[in-house]
Amino acid sequence: MIPRAPGTYLLLVALAEPAELPIGRTRRMQFDAGLYCYAGSALGPGGLAARLGRYASGQGRHHWHIDYLLPHATLLGALVVEDTRRLECRWAGWVDDRAQGCVAGFGSSDCGCRGHLFRIGLAQDSNLFIASAELDLHARWISLEQEPGSVVNRCE
1271 MIPRAPGTYL LLVALAEPAE LPIGRTRRMQ FDAGLYCYAG SALGPGGLAA
1321 RLGRYASGQG RHHWHIDYLL PHATLLGALV VEDTRRLECR WAGWVDDRAQ
1371 GCVAGFGSSD CGCRGHLFRI GLAQDSNLFI ASAELDLHAR WISLEQEPGS
1421 VVNRCE
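In the working numbering, the protein residues as written are 1271 to 1426.
Here it is, written out as structure tokens:
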């Protein structure tokens, strides 16, 4: 169950094949196939449940950069921590240290980070990444899988 409390999350998504996608109204970005991690926070009304539920439902207008990527990717789940502090930039730094690359400018228009979306490898690398985040960030994994037979098979 997704907590209704405020918190920070790392969203894991898999992109099956390379894609060039519109991000925002005027920008197009190239994405390689693979496993991506997006760092974000949900400090407003409804907290993590509202934000992650919105992503999982695919409903709502495109508001954040991640909204443009999600329709083209498989949403696997999120690593979450309940906290009223804005930890997303710190978590983005943690992911950046382990990632194969940062998508510069993605999700970081309101902070000084290089980006908040990272390519972290192939989809089969997800279990190791999840275990590291659970240990290092004291985060909890919540499965948000949308497709049967998805690559992540860990339980909540």
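C-beta atoms are modelled at their ideal positions from N, C-alpha and C, and glycine is treated no differently. Computed from a predicted model, the values in this text were never measured in an experiment.
When we look at the beta-carbon of residue i and count the other beta-carbons within 10 Å, is it buried (16 or more) or exposed?
i, result
"His1335", "buried"
"Ser1358", "Correcting the residue type first, residue 1358 is Glu in the shown sequence and not Ser. Glu1358 is buried by the Cβ-count criterion."
"Arg1321", "buried"
"Thr1344", "buried"
"Gly1377", "buried"
"Pro1341", "exposed"
"Pro1276", "buried"
"Gly1401", "A small correction: the amino acid at residue 1401 is Ala; Gly does not occupy that position in the sequence shown. That one is exposed."
Please state whether the Cβ-Cβ distance between residue i and residue j is less than 8 angstroms.
i, j, result
"Gly1347", "Glu1415", "yes"
"His1332", "Tyr1338", "yes"
"Arg1410", "Ile1390", "no"
"Glu1287", "Gln1300", "no"
"Gly1323", "Ile1272", "yes"
Spatial neighbours of residue i within its chain, please: CB distance less than 7 angstroms, with the 5 preceding and 5 following residues excluded, ordered by chain position.
i, result
"Ser1361", "Reading off the sequence shown, one finds Trp at residue 1361, where the question assumed Ser. Answer for Trp1361: Thr1278, Leu1280, Ala1309, Leu1407, listed in chain order."
"Trp1364", "Asp1406, Leu1407"
"Gln1370", "Arg1389, Ile1390, Gly1391"
"Ala1374", "Arg1384, Gly1385"
For residue i, I'd like the list of residues in its chain whose CB is within less than 6 angstroms of its CB, leaving aside the five on either flank, ordered along the chain.
i, result
"Cys1372", "Asp1366, Arg1384, Gly1385, Phe1388"
"Ser1311", "Thr1278, Arg1356, Glu1358"
"Val1283", "Tyr1306, Ala1343, Leu1345"
"Gly1330", "Arg1324"
Should residue i be counted as a contact of the ligand HEM given a C-beta to heavy atom distance under 7 angstroms?
i, result
"Ala1319", "Only the bare structure without any ligand can be found here, which leaves the ligand HEM out of the picture."
Leaving aside the five residues before and after residue i along the sequence, list all residues of the same chain whose C-beta is less than 8 angstroms from its C-beta, in chain order.
i, result
"Arg1298", "Glu1290, Leu1291, Pro1292"
"Arg1274", "Gly1316, Gly1317, Leu1318, Ala1319, Ala1320"
Could you tell me whether the segment 1296-1311 touches the segment 1383-1402, using the rule of 3 or more Cβ pairs below 8 angstroms? Using a C-beta cut-off of 8 angstroms, the segment 1296-1311 makes contact with the segment 1383-1402, since at least three inter-stretch Cβ pairs fall below that distance.
Using a Cβ distance threshold of 8 angstroms, determine whether the segment 1350-1366 contacts the segment 1308-1320, with at least three qualifying pairs required. With three or more CB-CB distances shorter than 8 angstroms, the segment 1350-1366 counts as touching the segment 1308-1320.
Segments assigned beta strand (DSSP E), at least 3 residues, entirely inside the segment 1335-1360: Runs found: 1344-1352.
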